[in-house]
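If you're matching positions, the sequence shown starts at 94 in the working numbering and goes up one per residue. Right, one structure below, let's go through it.
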Amino acid sequence: MVSEKIHLRNAREKVLTLYDSVEKDRLSVVGDMAFKVAEESVHAFESREDPYATHRRSGTFYLVKTRFRDDERKCFRRLHRIYERLGYGGSNGDLAQEAVSCMEKIVRRVEGELDVKILPDKLPEKNP
94 MVSEKIHLRN AREKVLTLYD SVEKDRLSVV GDMAFKVAEE SVHAFESRED
144 PYATHRRSGT FYLVKTRFRD DERKCFRRLH RIYERLGYGG SNGDLAQEAV
194 SCMEKIVRRV EGELDVKILP DKLPEKNP
């Protein structure tokens, strides 16, 4: 039972760590942080809907399944798979960029639903 405000703060802090990790090619960290930013964002969404939510991972996936569009659901599941692969195998730049793109899609949806800002105003440029 954590407040929406705390989840939003955590997501904002983690997204800065994520972009810093991308710039420094710390690819195993990218997968972890991308998933955690998306997860914290969805937890903020859950907290808005139910301030007493416990935020078990199965509940988070259920919220995504029932409230997000099909492309966003697929992106969240894909992001979870990338999180596992980069965290344990870690040096695939294409997967890292895909993780960032999926995270941004999920976070933009939450930003729109909650009318909040999570992503920084100026996103880093993608590596060519």
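By construction, the Cβ of each residue, glycine as well, lies at the ideal position given by its N, Cα and C atoms.
What does the Cβ neighbour count give for Asp-125, buried or exposed, with the cut at 16 atoms within 10 Å? Asp-125 comes out buried.
Give me the Cα-Cα distance between Arg-141 and His-100, rounded to the nearest whole angstrom. Going from the Cα of Arg-141 to the Cα of His-100 covers about 10 Å.
For the segment 200-212 against the segment 100-112, are there 3 or more C-beta pairs whose distance is under 8 Å? Under the Cβ criterion (8 Å, minimum of three pairs), the segment 200-212 counts as touching the segment 100-112.
Report yes if the C-beta distance between Leu-111 and Ala-127 is below 8 Å; otherwise report no. Yes. Within cutoff.
Where does Ile-211 sit, in a helix, a strand or coil, going by DSSP? Here Ile-211 sits in coil by DSSP.
Reducing DSSP to helix, strand and coil, say where Ser-114 ends up. Note: Ser-114 maps to helix in three-state DSSP.
Which same chain residues, not among the five before or five after Lys-198, have their C-beta less than 7 Å away from its C-beta? So the list reads Glu-165, Cys-168, once near-sequence residues are dropped.
Do Lys-158 and Glu-133 count as a contact pair if the criterion is CB distance below 8 Å? Not closer than 8 Å, so no.
Could you check if Ser-96 is buried or exposed, using at least 16 other CB atoms within 10 Å of its CB as the buried criterion? Looking at its Cβ environment, which holds fewer than 16 other Cβ atoms inside 10 Å, Ser-96 is exposed.
Considering Cα atoms alone, identify which of Phe-161, Leu-156, Met-196 is closest to Arg-174. Arg-174 has its Cα closest to that of Met-196, out of Phe-161, Leu-156, Met-196.
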